[in-house]
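Engineer: The structure that follows is given in the form of structure tokens.
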Amino acid sequence: MSKPTLADLQSFMMVAARRSFARAAGELGVSRSALSHAMRGLESDLGVRLLHRTTRSVSLTEAGERLLARLRPVLSDLDHVLDDVVRDDHAPRGTLRINGGEGAIRQLLQTVVPRFLALYPQMELDLVADGRLVDVVAEGFDAGVRLGEAVHKDMIAVRVSDDFRFLAVASPRYLREHGRPAAPDDLHAHRCIRQRLPSGKRYRWEFARHGQELAIDPPGPLTLDSNTLMVEAALDGLGIAYVPEPYARAALARRRLVAVLDEWCPVIPGLFLYFPGNRHIPAGLRAFIQLLKETSGSR
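Sequential numbering from 1 applies to the sequence shown in the UniProt record's numbering.
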């Protein structure tokens, strides 16, 4: 078996990401035919088919999927090592990729991102708002941002936000018309705004009080997949929503929403930026972490 070149492996990753020879060739600055020839040469060198080709699309074979999963962290580490070696005046450069939910990315945009971009003009931030709890290493990210309870124990975690609660909220008009639930079980007699998770499952509302824990899939005619949309629906009087407190804070302060079952909504760990501790930490991520610690006051 001949050893493939680094350029061929990088080209393969681009084709895998774009699922198109034409788009990948455009980004690589080569012709489509040259890229197709290079991929056939890579397959010949490895002795295995990596790509399924049709006239309209490109997809990965099982072997291609395995190669992509192994290449992402390896080439990402290589990029970071080379970046550290060639950086001028110790200033970070390159691209920093971070994955998180929409609320987590919004939190970064409102806090550390403006200062980071101002201080490090040679850095690019690639922030991906994704509701799925992805494997940041396998997906080619430098770090992720999630609730503290969702971060694996083998990850290094840096605080992004204060602890907060999930709250059940409704508009004053809705409560006047339908009454106020006194306990979680009362939700079964209400119109609830339910949430669809990225996995396709509905989110179960979790409550706790005096050591008693409940998880309820409440009834309701409306299901949404966005906390922002759930708050808007609650503001319109469509029912009771169960959302992270930051999403509802402004409406609660203006009394356009009212929190119910408040004593059943415990504080949970806030958002944390996390990354594997057994890999090289690129200069850009180190700088981002330092600013994050200064912003949040953590040490």
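Even for Gly, the Cβ is constructed at its ideal location relative to N, Cα and C. This structure is a prediction, so every number in the text was calculated from the model and none was measured.
1. Mapping the DSSP letters down to three states, classify Phe12 as helix, strand or coil.
2. If you reduce the DSSP assignment to three classes, tell me which class Pro244 lands in.
3. Less than 6 Å between C-beta atoms, sequence neighbours within five positions excluded: which residues of the same chain meet that for Arg180?
4. What residue does the beta strand (DSSP E) around Tyr174 start on, and which one ends it?
5. Going along the chain, which residues of its own chain have a beta-carbon closer than 8 Å to the beta-carbon of Leu238, five neighbours each way excluded?
6. By alpha-carbon positions, which one of Thr95, Arg93, Pro172 ends up nearest to Asp236?
7. Assess contact between the segment 241-248 and the segment 64-74, defined as three or more Cβ pairs (one per stretch) separated by less than 8 Å. Is contact present?
8. Tell me Pro276's beta-bridge partners as DSSP assigns them.
9. With a Cβ-Cβ cutoff of 9 Å, do Leu96 and Phe272 count as a contact?
10. Applying the 10 Å Cβ sphere with the 16-neighbour rule, what's the burial state of Ser161?
11. How should Ser57 be labelled, buried or exposed, when 16 other C-beta atoms within 10 angstroms of its C-beta is the threshold for buried?
12. Quick test of your reading: Trp205 and Pro219, contact by CB under 8 Å. State the CB separation rounded to the nearest angstrom.
13. My understanding is that Leu108 touches Val169, with C-beta atoms under 8 Å, so please give their C-beta distance in whole angstroms.
14. Looking only at its chain, what residues have a beta carbon closer than 6 Å to the beta carbon of Val48, apart from the 5 residues adjacent to it on each side?
15. Looking only at its chain, what residues have a beta carbon closer than 6 Å to the beta carbon of Arg18, apart from the 5 residues adjacent to it on each side?
16. Just list the residues that DSSP pairs residue 364 with in beta bridges.
17. Excluding five sequence neighbours on each side, which residues of the same chain lie with their C-beta closer than 7 Å to the C-beta of Leu28?
18. Under the three-state reduction of DSSP, which class applies to His210: helix, strand or coil?
19. Output the distance between the C-alpha atoms of Pro184 and Gly277, rounded to the nearest integer angstrom.
20. Would you grab the beta carbon distance between Leu46 and Ala16 for me? Rounded to a whole angstrom, and I think it's under 8 Å.
21. Could you check what DSSP says for Glu124 in three-state terms: helix, strand or coil?
22. Return the residue from the list Glu149, Phe164, Val74 that minimises the CA-CA distance to Pro140.
Structural biologist: Looking at the coordinates:
1. helix
2. Pro244 falls in the strand class under three-state DSSP.
3. Val260
4. Per DSSP, Tyr174 belongs to no beta strand (DSSP E); it is in the alpha helix (DSSP H), 172-178.
5. Tyr174, Arg191, Ile193, Leu222
6. Pro172
7. no
8. Met155
9. no
10. The residue is buried, with at least 16 neighbouring Cβ atoms inside 10 Å.
11. exposed
12. Taking C-beta atoms under 8 Å as the contact rule, Trp205 and Pro219 fail to qualify, at a distance of about 11 Å.
13. With 8 Å as the limit, Leu108 and Val169 do not qualify as a contact, their Cβ atoms being about 25 Å apart.
14. For Val48, where only same-chain residues beyond five positions count, the Cβ hits under 6 Å are Ala63.
15. Counting only Cβ-Cβ distances below 6 Å, and skipping sequence neighbours, we find Ala24.
16. Residue 364 is absent from the structure shown; the chain starts at 1 and stops at 299.
17. Ser11, Met14, Leu35
18. coil
19. 40 Å
20. Actually they are not in contact, since the Cβ atoms of Leu46 and Ala16 sit about 14 Å apart, beyond 8 Å.
21. DSSP places Glu124 in strand when its eight states are reduced to three.
22. Residue identity differs from the one stated: residue 140 is Gly in this sequence, not Pro. The shortest Cα separation from Gly140 among Glu149, Phe164, Val74 belongs to Val74.
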